[in-house]
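Input: a single structure, listed below in structure tokens.
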Amino acid sequence: MTEGRSRLQFDDNALVPVLFGEHDQNLARLEEQLGVSLASFGNEVRVTGPDAACDAAGQALEALYERLKRGLIVGDAEVDAAARLAKAEADGRTGGELAALHGDELRLKTRKRHVTPRSPRQAAFIRALLHSELSFGIGPAGTGKTYLAVATAVTLLLERKIDRLILSRPAVEAGERLGFLPGDMKDKVDPYLRPLYDALHDMLPGEQVARYIANGDIEIAPLAFMRGRTLANSFIILDEAQNTTPVQMKMFITRLGENSRMAVTGDLSQVDLPSGAPSGLRDAADLLKGIDRITFVQFTDADVGRHSLVTRIVQAYEAREKTDVREVDLFDAK
């Protein structure tokens with residue numbers, strides 16, 4: 179491994195402070211994650227470290243600078259994502275997607291923010307959501323599955339390419355038994371659907387969300403309310419799909435009507451069904467793969483876009499699950 183040095187210059191002096199971060203905190207974050215030394219001098223950054231790491235740091239900074247030139251934000255999550263992707267490209271683990279992630283094709287324009295992918299799998303999921311009639315996003319928490327699906331649907335609604343946005347979840351683990359909860363039906367189901375409301379309010383002003391819901395342009399409902407419907411000219415999202423049964427999953431995905439798209443998201447490591455009950459998401463993944471116009475995107479801990487600690491938490495749980503599987507296999511072998 180050879181040591182290298184390089185210099186990067188950025189010509190827009192108004193963007194440079196944002197790129198480097200307050201007290202150069204973005205540069206410090208890249209240093210920690212990529213194993214390089216970054217020193218700023220005006221609008222110039224001098225990079226010192228192993229050749230591959232220097233290349234990765236340069237790619238990360240260029241990608242972040244490109245975000246800023248397009249009017250997009252650069253915060254801790256964006257810096258972490260750029261570092262992770264640049265390192266993967268330097269190691270030859272991607273196909274050169276870093277620059278493509280910020281292209282206009284993958285830029286989702288909502289009222290409150292523009293959303294772009296932070297990993298190749300997020301990019302693949304956005305492409306699937308835009309071009310496939312039925313898309314499955316499967317993977318751990320924090321990988322952006324539901325958020326990207328909602329952002330895509332809101333974008334298409336604002337562009338008037340669909341008439342309605344319908345968001346659904348299993349209201350209670352598998353059985354959807356709501357009677358024991360206090361209040362009317364809205365009071366009973368709203369706590370289970372709150373993450374979907376949160377995503378909407380992150381993309382649209384509150385009064386616009388309320389107006390869309392009042393007009394029926396946006397509908398948020400538990401899975402049981404989907405039975406017997408055919409949904410045309412709509413974008414339909416099923417979240418937490420790992421907690422459906424195979425019968426519920428079949429019921430949901432067969433609601434797809436003309437000029438509609440459907441997104442199904444879930445995490446097979448967090449199934450809350452009764453012990454031994456099969457997950458409808460796992461069943462659909464086994465049954466429907468290979469069918470034309472249905473796309474599956476498998477996310478991993480490398481796609482986690484929340485606080486950096488979330489990535490480590492996901493990795494720790496996955497490592498233990500793999501160990502538990504090996505221990506069971508060894509025990510059974512005896």
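Taking our numbering, the leading residue of the sequence shown gets 179, the next gets one more, and so forth. Yeah, the Cβ is synthetic: ideal placement off N, Cα and C, and Gly gets one too.
Open item on the list: For a test of the three-state rule: what should DSSP assign to E354, helix, strand or coil?
Closed with: The predicted model places E354 with a pLDDT of 46, which falls under 50 and marks its position as unreliable; any figure quoted below should be read in that light. The three-state reading of DSSP puts E354 in coil, since its state is none of H, G, I, E or B.
Task: Contact belief for L312 with M440 at Cβ below 8 Å, rounded distance in angstroms - done: M440 and L312 do touch by the CB rule: their CB atoms are close to 5 Å apart, below 8 Å.
Task: Beta-carbon proximity list for S184, same chain, < 7 Å, skipping 5 on both sides - done: Once the five neighbours on either side are set aside, the close Cβ partners of S184 are V225, C232 and G236.
TODO: Measure the CB-CB distance between N204 and L212 and report whether it falls below 8 Å.
DONE: When the beta-carbon positions are compared, N204 and L212 stay at least 8 Å from each other.
- [ ] Please state if the CB of L409 and the CB of I304 are separated by a distance shorter than 8 Å.
- [x] Contact flag unset, no.
Open item on the list: For a quick check, are the C-beta atoms of L208 and A261 less than 8 Å apart?
Closed with: Yes, they are a contact pair.
TODO: Could you check which residue in K247, S310 and E240 has the C-alpha nearest to that of F474?
DONE: F474 has its Cα closest to that of S310, out of K247, S310 and E240.
Task: Where the beta strand (DSSP E) through E244 begins and ends - done: Annotation for E244: no beta strand (DSSP E) segment contains it, though the alpha helix (DSSP H) segment containing it runs D229 to K247.
- [ ] Let me know the secondary structure DSSP gives L513 once reduced to three states.
- [x] Since the displayed the chain opens at 179 and closes at 512, residue 513 lies outside it and no answer follows.
Open item on the list: Using only the alpha-carbon positions, how far apart do L466 and L459 sit?
Closed with: When rounded, the distance between both Cα atoms is 10 Å.
Task: Assigned secondary structure, A217 (DSSP; H/G/I helix, E/B strand, else coil) - done: DSSP places A217 in the strand class (E or B) of the three-state scheme.
- [ ] Say whether chain D places a C-beta atom closer than 8 Å to the C-beta of A319.
- [x] Protein chains in the displayed structure number just one, and chain D is not present.
TODO: Please find out if some non-hydrogen atom of the ligand FMN comes closer than 7 Å to the beta-carbon of S215.
DONE: By its list of ligands, the structure shown contains no ligand whatsoever, and the ligand FMN lies outside what it can speak to.
TODO: Enumerate in chain order the residues of its own chain whose CB-to-CB distance from L416 is below 6 Å, with the five nearest sequence positions on each side excluded.
DONE: The answer, listed in chain order, is S346, F430 and V442.
Open item on the list: I need the boundaries of the alpha helix (DSSP H) containing I391, first residue and last residue.
Closed with: Run containing I391: G384 to N393, per the alpha helix (DSSP H) assignment.
- [ ] Ignore the nearest five residues each way along the sequence and tell me which others in L334's own chain have a CB closer than 7 Å to its CB.
- [x] Once the five neighbours on either side are set aside, the close Cβ partners of L334 are I340 and F413.
- [ ] Classify A192 as helix, strand or coil using the three-state DSSP reduction.
- [x] Correct three-state label for A192: coil.
- [ ] Give me the Cα-Cα distance between L374 and A388, rounded to the nearest whole angstrom.
- [x] L374 and A388: Cα-Cα distance of roughly 13 Å.
TODO: Quick one: using the 10 Å Cβ neighbour count with 16 as the cut-off for buried, is R248 buried or exposed?
DONE: It is exposed - the Cβ of R248 has fewer than 16 other Cβ atoms within 10 Å.
Task: Option in I491, E496, R490 and F477 with minimal Cα separation from A302 - done: Residue F477 is the option with its Cα nearest to A302.
Open item on the list: Looking at the secondary structure, which residues open and close the beta strand (DSSP E) in which M440 lies?
Closed with: M440 -> beta strand (DSSP E) spans R439 to G444.
- [ ] May I ask which residues mark the beginning and end of the alpha helix (DSSP H) holding A399?
- [x] That residue, A399, is in no alpha helix (DSSP H); its beta strand (DSSP E) goes I396 to P400.
Open item on the list: Which same chain residues end up closer than 7 Å to P424 when comparing Cβ atoms and leaving out the 5 residues on each side of it in sequence?
Closed with: Only P456, G458 and D461 meet the Cβ criterion.
- [ ] Can you give me the Cβ contacts of A306 inside the same chain, cut-off strictly under 7 Å, excluding the 5 residues immediately before and after it?
- [x] Taking C-beta separations shorter than 7 Å and ignoring five residues to either side along the sequence, the partners of A306 in its chain run S313, T473 and V475, following chain order.
Open item on the list: Do R289 and L382 count as a contact pair if the criterion is CB distance below 8 Å?
Closed with: Result yes, Cβ atoms of L382 and R289 sit closer than 8 Å.
Task: Exposure label - A497; buried when at least 16 CB within 10 Å - done: Flag for A497 reads exposed.
TODO: Could you check the C-alpha separation between L336 and T330 for me, to the nearest Å?
DONE: CA-to-CA, the gap between L336 and T330 works out to about 10 Å.
- [ ] State the start and end residues of the unbroken beta strand (DSSP E) segment that holds T473.
- [x] Per DSSP, the unbroken beta strand (DSSP E) holding T473 starts and ends at I472 to Q476.
Open item on the list: Alpha carbons only, please: which of H379, G317, R296 and Q300 is nearest the one belonging to V332?
Closed with: Scanning H379, G317, R296 and Q300 for the CA closest to the CA of V332 turns up H379.
Task: Cα-Cα separation, R433 to R407 - done: Answer to the nearest angstrom: the Cα atoms are 6 Å apart.
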